[in-house]
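Undergrad: In full-length UniProt numbering, the protein residues as written are 1 to 680.
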């Protein structure tokens, strides 16, 4: 029996499909071939354990009482195994051959080959692997189920990067097929955004296993929802026809081009670029990617200017990879989504444009063997865009000019739209009756603010049918100062009133430094008040509270002491906001390409569909999914603490990676450095 046939057999044993191909080759060199006739005992109960048995041909049965209901459960066939994981040093049951039986036995001294640190290399620990290999690392949970995580050093951009989905899902599928079968095509769909803080479960479905082809479907699951689907086909290497019509374009050699780090330094010192832009690039911490990229046509442009819908760049994985072709194709699948569908926006770019880009699907065809740790030229073209959908194609060539990969992707490309008022609820202003409290108590009831605080408050009237408000509050009262000021010209839409808080009883209270600006609607229909259970629009007002000295001193009588069961007046229930320290900003890779600074407006993801992205006010730059989390509010309220563009979960693009920022895409010749960030 030759080694190749043994390796092919071992690759179809479900137990061994979690191992790297290097382990299977080592196992094939040490297994022992044993043959048994019908009725022969393969092993006997209490026999000393001599290794792990894999049934190559024939059938065997585990001996047991004849009266057991389902003896088929004890019938062993091809690819089944026994003798592994015994708690003692002896076999626990008799195994009898039911026909002519051939087994491959892995001696006990070599059973350590069934364990490995890396899914790609049997003799390399994960710590010694390259970053991209560690990103693609999966933990086998059980047969056909793997777990992947998002590493802190991986490209994340707020959500799981789409290339991570493609690469990890392909890795999971590759671990369930004979390693002599290599992926030749894949088709994938992005359904929901991925959460970087929780693991991703990859469930592999064995659609077909043939002599030359195998098909797998992989579902990526988080929180019980399928968020990504991949369908991949695998084939054994075979001799056949060979031709190539596509020609690699004439581009500079990668060794003559600048790296992202060098391009970033050039951007910082280029006097032709705005000083504010150069300062912004310089103050960002540059975090290199696991993929090295060199653009063939670097540009000094940083603003949104129209350009042809095409891009050429060289790329390769950082670090040396093993010779496993499956690993190299998974790495290329990961890298293929870094700068892709955003090219479709190039012809539509203009100053002030706020764009949204969201990949919908991703397809790849692998034509020839390749190495992901050697330079590959990525040629991207967007032939068309119509009705909010953009289409891009890609070709990858090795340095010999051979076409190794073809790609397509369709994406949602459109001008960003403001959210509908009913799409989300962001309660940033608390609703309380502030006349029940002293002003120094109010900061603790606000949802946000450090030196000034806002509240919606009902305005009580001193007399039921009158218009004079009751200004008593806590241990004192609010007193108007100055004349009311109209808001809006020529026709006022609101009225602003200034008030000062006095501690003690009116009219001899002591003036404090607490100020309130009360905003109410103008020209309210007062007849509405006469209707039963109705509220006039100016019954509720917006109040701005601050201390003109910047302090929160107390005035008036000290707060009462509570003894025993005495309970002070209950405060209203207000959602508490936890504001973490601002995360450290890190820039990423784009000085060589021009990026869109206007796309720094974040996206709001609703649960209506996978592509429902909308843009909130530029004052609040944060990506929110469904309902906002208060613990993330610091990232929302401070533009300096967030990514310069809302990166989507699918496609990394080069849109202003150094400076402004873009919606979701890294676009050709657009500042990448501001976009290559590690904000979390």
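The C-beta atom is built at its ideal place from N, Cα and C for all residues, glycine as well.
#1: If you check the beta carbons only, do residue 686 and residue 403 fall under 9 Å apart?
#2: When you compare each of 522, 464, 427 and 470 to residue 455 by their alpha carbons, which one comes out closest?
#3: Thinking C-beta only, is residue 168 closer than 9 Å to residue 136?
#4: How far does the alpha helix (DSSP H) with residue 27 in it extend, from its first residue to its last?
#5: DSSP three-state label for residue 7, please.
#6: Which value, in whole angstroms, describes the spacing of the CA atoms of residue 385 and residue 406?
#7: Starting from the Cα of residue 350, find the closest Cα among 314, 368 and 305 and give me that residue.
#8: For the alpha helix (DSSP H) holding residue 133, just list the boundary residues, first then last.
#9: Give a yes or no on whether the C-beta atoms belonging to residue 441 and residue 494 are separated by under 9 Å.
#10: Tell me whether residue 289 sits in a helix, a strand or coil according to DSSP, three-state version.
#11: Helix, strand or coil: which one does DSSP assign to residue 177?
#12: What's the gap between the Cα of residue 51 and the Cα of residue 99?
#13: If residue 201 sits next to residue 325, beta carbons under 8 Å apart, how far is it from one beta carbon to the other, in whole angstroms?
#14: Below 8 Å, how does it come out for the region 204-215 and the region 150-164: are there three or more Cβ pairs, yes or no?
#15: Quick check: is any heavy atom of the ligand MG less than 8 Å from the C-beta of residue 218?
#16: Alpha carbon to alpha carbon, what distance is there between residue 500 and residue 682?
#17: Work out the CA separation of residue 59 and residue 15 for me, nearest whole Å.
#18: Should residue 518 go down as buried or exposed, given a rule of 16 or more other Cβ atoms within 10 Å for buried?
#19: Going by CA-CA distance only, name the one from 539, 97 and 244 that's closest to residue 464.
#20: Apart from the five residues just before and just after residue 187, which ones in its own chain have a Cβ nearer than 6 Å to its Cβ?
#21: Between the beta-carbon of residue 410 and the beta-carbon of residue 338, is there less than 9 Å?
#22: Just to confirm the assignment, what range does the alpha helix (DSSP H) spanning residue 52 have?
#23: What is the residue span of the beta strand (DSSP E) that residue 334 lies within?
#24: Should residue 278 go down as buried or exposed, given a rule of 16 or more other Cβ atoms within 10 Å for buried?
#25: Could you spell out where the beta strand (DSSP E) holding residue 542 opens and where it closes?
#26: What residue does the alpha helix (DSSP H) around residue 38 start on, and which one ends it?
#27: Quick check: the region 226-244 against the region 255-269, are at least 3 beta-carbon pairs closer than 8 Å?
#28: Does residue 1 pass the burial test, meaning 16 or more other C-beta atoms within 10 Å, or should it be called exposed?
#29: Express the C-alpha separation of residue 368 and residue 288 in angstroms, rounding to a whole number.
#30: Taking just the CA atoms, how far does residue 178 sit from residue 206?
#31: Whole-angstrom Cβ separation of residue 344 and residue 309, contact assumed at under 8 Å?
#32: Cα separation between residue 489 and residue 520?
#33: Under DSSP, the alpha helix (DSSP H) around residue 279 begins and ends at which residues?
#34: For residue 397, which option in 457, 388, 328 and 379 has the closest C-alpha, if you only look at C-alpha atoms?
#35: Can you give me the C-alpha to C-alpha distance between residue 262 and residue 210, rounded to a whole angstrom?
#36: According to DSSP, is residue 362 helix, strand or coil?
TA: The structure says:
#1: Outside the displayed range of the chain (1 to 680) lies residue 686, so it cannot be described from this structure.
#2: For the purposes of this step, residue 455 is taken as residue 455 along the chain shown, with counting starting at 1. Among 522, 464, 427 and 470, the Cα nearest to that of residue 455 belongs to 427.
#3: For the purposes of this step, residue 136 is taken as residue 136 along the chain shown, with counting starting at 1. For the purposes of this step, residue 168 is taken as residue 168 along the chain shown, with counting starting at 1. Yes. Within cutoff.
#4: Locating residue 27 in the chain shown gives position 27, where the first residue counts as 1. Counting along the chain, the alpha helix (DSSP H) containing residue 27 begins and ends at 21-30.
#5: As a first step, residue 7 must be located in the chain shown, where it is residue number 7. Three-state result, residue 7: helix.
#6: Taking the first residue of the chain shown as 1, we reach residue 385 at position 385. Taking the first residue of the chain shown as 1, we reach residue 406 at position 406. One C-alpha to the other measures close to 19 Å.
#7: One-based indexing of the chain shown puts residue 350 at position 350. The shortest C-alpha separation from residue 350 is found at 305.
#8: Residue mapping note: residue 133 aligns to position 133 of the chain shown, counting from 1. Its alpha helix (DSSP H) spans residues 131-135.
#9: Counting from one through the chain shown, the residue named residue 441 turns up at place 441. Counting from one through the chain shown, the residue named residue 494 turns up at place 494. No, Cβ-Cβ distance for residue 441 and residue 494 is not below 9 Å.
#10: To locate residue 289, count along the chain shown from 1; it is residue 289. Note: residue 289 maps to coil in three-state DSSP.
#11: Counted from its first residue, the chain shown places residue 177 at position 177. Residue 177 falls in the coil class under three-state DSSP.
#12: As a first step, residue 51 is located in the chain shown; it is residue number 51 there, counting from the start. As a first step, residue 99 is located in the chain shown; it is residue number 99 there, counting from the start. Approximately 22 Å between the Cα atoms of the pair.
#13: On the chain shown, position 201 is the one that residue 201 refers to. On the chain shown, position 325 is the one that residue 325 refers to. Going by Cβ atoms, the distance from residue 201 to residue 325 rounds to 26 Å, so no, they are not a contact pair.
#14: no
#15: Ligands displayed in this structure: none; no statement on the ligand MG is therefore possible.
#16: In this structure the chain extends from 1 to 680, so residue 682 is not present and cannot be described.
#17: Taking the first residue of the chain shown as 1, we reach residue 15 at position 15. Taking the first residue of the chain shown as 1, we reach residue 59 at position 59. Spanning the two alpha carbons is a distance of roughly 18 Å.
#18: Taking the first residue of the chain shown as position 1, residue 518 is located at position 518. Classification for residue 518: buried.
#19: Counted from its first residue, the chain shown places residue 464 at position 464. With distances taken between Cα atoms, residue 464 lies closest to 539.
#20: By 1-based counting over the chain shown, the position of residue 187 is 187. 231 and 363, listed in sequence order.
#21: Looking up residue 410 in the chain shown gives position 410. Looking up residue 338 in the chain shown gives position 338. Contact flag unset, no.
#22: Within the chain shown, numbered from 1, the residue matching residue 52 stands at position 52. Residue 52 -> not in any alpha helix (DSSP H); beta strand (DSSP E) instead, spanning 51-57.
#23: To locate residue 334, count along the chain shown from 1; it is residue 334. Premise fails: residue 334 lies in the alpha helix (DSSP H), 325-335, not in any beta strand (DSSP E).
#24: By 1-based counting over the chain shown, the position of residue 278 is 278. Buried.
#25: As a working mapping, residue 542 is identified with position 542 in the chain shown. Residue 542 -> beta strand (DSSP E) spans 540-547.
#26: As a working note, residue 38 is residue 38 in the chain shown. Where residue 38 is concerned, there is no enclosing alpha helix (DSSP H), given that its DSSP letter is neither H nor E.
#27: no
#28: In the chain shown, the residue the question calls residue 1 occupies position 1. It counts as exposed.
#29: Taking the chain shown and counting its residues from 1, the one referred to as residue 288 is at position 288. Taking the chain shown and counting its residues from 1, the one referred to as residue 368 is at position 368. Between residue 288 and residue 368, the C-alpha separation is close to 29 Å.
#30: Here the question's residue 206 lines up with position 206 in the chain shown. Here the question's residue 178 lines up with position 178 in the chain shown. Looking at the two C-alpha atoms, the distance is approximately 12 Å.
#31: Counting from 1 along the chain shown, the entry for residue 344 is found at position 344. Counting from 1 along the chain shown, the entry for residue 309 is found at position 309. At roughly 6 Å, the Cβ-Cβ gap stays under 8 Å, so residue 344 and residue 309 are in contact.
#32: Taking the first residue of the chain shown as 1, we reach residue 489 at position 489. Taking the first residue of the chain shown as 1, we reach residue 520 at position 520. Answer to the nearest angstrom: the Cα atoms are 16 Å apart.
#33: The residue you call residue 279 lines up with position 279 of the chain shown. Residues 275-282.
#34: Indexing the chain shown from 1 puts residue 397 at position 397. With distances taken between Cα atoms, residue 397 lies closest to 379.
#35: Here residue 262 refers to the residue found at position 262 of the chain shown. Here residue 210 refers to the residue found at position 210 of the chain shown. Their Cα atoms are separated by approximately 50 Å.
#36: Numbered from its first residue, the chain shown carries residue 362 at position 362. Correct three-state label for residue 362: strand.
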